[in-house]
Amino acid sequence: MASVDLTRRDVNVLDKIKDPESDPSANVLLDSSLPRDPHIADAAVYERVIQKEREIILSMQQLELQLAGLRPRTVSEPVQEYKGLLSKLDDFIEEYPNYASARNNRVQALRRL
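According to the working numbering, the sequence shown is numbered sequentially starting from 51.
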């Protein structure tokens, strides 16, 4: 399982979010034995989940760039293609209903339509 290296500043910001009155000199303890997602304990499954989500999101980002005129259009109907990717994200959420990242990405994608 990959670990996340946080800078001292990152740790201080997280402390402030958790407790606005916290002392930045106090250390946050990270338990590397815990899974990266509390609802997906198997590391191999988690890697597949984030890869599948990443593929959908990257495809959406490419379409957004095309719609903004920052990339040449590769599809005739980018909005319809975007809606199709949103449908794939819905299916993904049905498969992993407790995976919060996908739900957050879906809300952001819906706001862009």
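By construction, the Cβ of each residue, glycine as well, lies at the ideal position given by its N, Cα and C atoms. Every value quoted in this text rests on a predicted model; they were computed, and no experiment measured them.
Run of the alpha helix (DSSP H) containing residue i, from where it starts to where it stops
{"i": "A91", "result": "Neither: A91 is in no alpha helix (DSSP H) and is coded neither H nor E."}
{"i": "R86", "result": "No alpha helix (DSSP H) holds R86; DSSP gives it neither H nor E."}
{"i": "D141", "result": "P128 to E145"}
Where residue i sits in the DSSP three-state scheme
{"i": "G119", "result": "coil"}
{"i": "L113", "result": "helix"}
{"i": "N154", "result": "helix"}
{"i": "N62", "result": "helix"}
{"i": "L163", "result": "coil"}
{"i": "E105", "result": "helix"}
{"i": "E97", "result": "helix"}
Residue closest to residue i, alpha-carbon to alpha-carbon, out of the options
{"i": "Q130", "options": "R161, V63 and M110", "result": "M110"}
{"i": "Y146", "options": "K68, V63, R98 and I67", "result": "R98"}
{"i": "D81", "options": "D55, A159 and L120", "result": "D55"}
{"i": "Y149", "options": "I100, D65 and I67", "result": "I100"}
{"i": "S151", "options": "D69, I90 and A118", "result": "I90"}
{"i": "Y132", "options": "I143, A93, L115 and K68", "result": "L115"}
{"i": "S53", "options": "R161, E127, R123 and L84", "result": "L84"}
{"i": "P128", "options": "R162, D92 and R58", "result": "R162"}
Below-7 Å beta-carbon distance, residue i vs any chain D residue
{"i": "P70", "result": "The structure shown has no chain D; it contains just one protein chain."}
Decide if the stretch 106-114 is in contact with the stretch 128-139; the criterion is three or more beta carbon pairs, one per stretch, under 8 Å apart.
-> The answer is yes - the stretch 128-139 touches the stretch 106-114, with three or more Cβ pairs under 8 Å.
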